[in-house]
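Engineer:
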Amino acid sequence: MRRPLLLLAFAALLTACSSDPVKKRVWPPQASLQEVAVQDDGQWRLNLRLQNFSTVAMRYDQVDLRLEVAGIEAGRLSLRPGISVGPGSAEIVEALLTPADAAREPMDAVLRTRNGLRYRLVGRIVSGDPRGNYDIEFASALNPVPGLDGVLR
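Here this note's numbering is used: the first residue of the sequence shown is 6, the next is one more, and so on.
#1: Quick one, are the C-beta atoms of residue 126 and residue 59 less than 8 Å apart?
#2: I'd like to confirm the pairing. Which residues does DSSP put opposite residue 66 in its beta bridges?
#3: When the distance is taken between beta carbons, is residue 89 closer than 8 Å to residue 112?
#4: Rounded to the nearest angstrom, what separates residue 106 and residue 70 at their Cα positions?
#5: Following the continuous alpha helix (DSSP H) through residue 116, name the residue where it begins and the one where it ends.
#6: Could you spell out the range, first to last residue, of the beta strand (DSSP E) harbouring residue 75?
#7: Confirm, please, whether the CB-CB distance from residue 57 to residue 87 is below 8 Å.
#8: How long is the line joining the alpha carbons of residue 93 and residue 102, rounded to whole angstroms?
#9: Opposite residue 127 in the DSSP bridges: which residues?
#10: Between 118, 84, 141 and 120, which lies nearest to residue 128 when the distance is taken from Cα to Cα?
Dropping the structure here:
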C-alpha cells in the first residue's frame with residue numbers, strides 16, 4: 006500500500022515541478038481595417054481592428070496612423086481609444102475620416118467596378134500597460150460587400 010502511494014506522490018511532485026507557467030511575452034500590436042463605409046456626406050466610417058498578439062492584456066492609449074488607398078494618402082487618424090485588449094484578441098474601434106479629394110476617385114472606381122481596393126496603414130501605437138511605443142505598417146485589400154452599397158470589407 007505504501008509503495009503505490011509513494012509512487013503517486015513522487016509523480017505528483019515531478020509534475021508540479023515540470024509545469025511551466027505561461028510566460029509574459031509582449032509582441033508589437035497591429036492595426037488593420039475591418040470595414041470602410043462611405044457615408045452620404047462623403048466621410049468614410051472606418052472599423053479599425055486593434056490586434057494584441059501578446060500573452061498579456063494590452064491597453065491601447067494612442068493610435069496615430071496614415072491611411073493610403075491605391076497608393077494615395079487618404080488621411081490621418083489620431084485616436085485615443087483607452088481600451089484594453091485581452092491576450093491574443095482584437096477589438097474594433099470606429100473612426101470617421103474625411104478623405105483627401107485625390108483618394109475619393111479610387112474609392113468611387115472600386116465601388117463602381119466592384120474590384121478590390123489596396124490599402125496601407127503606417128504609423129504608431131502607444132500602449133499604457135504594458136508600456137510601449139510601436140511603429141506599425143500594414144498593407145492589405147478590401148472588397149465591396151454584396152448587397153451593402155458603399156461598404157468594403
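A virtual CB, placed ideally from N, CA and C, is assigned to each residue, including glycine.
All values reported here derive from a predicted model rather than from experimental measurement.
Structural biologist: A quick look at the data gives this:
#1: no
#2: Under DSSP, no beta-bridge partner is assigned to residue 66.
#3: no
#4: 18 Å
#5: 106 to 118
#6: Where residue 75 is concerned, there is no enclosing beta strand (DSSP E), given that its DSSP letter is neither H nor E.
#7: no
#8: 28 Å
#9: 71 and 142
#10: 141
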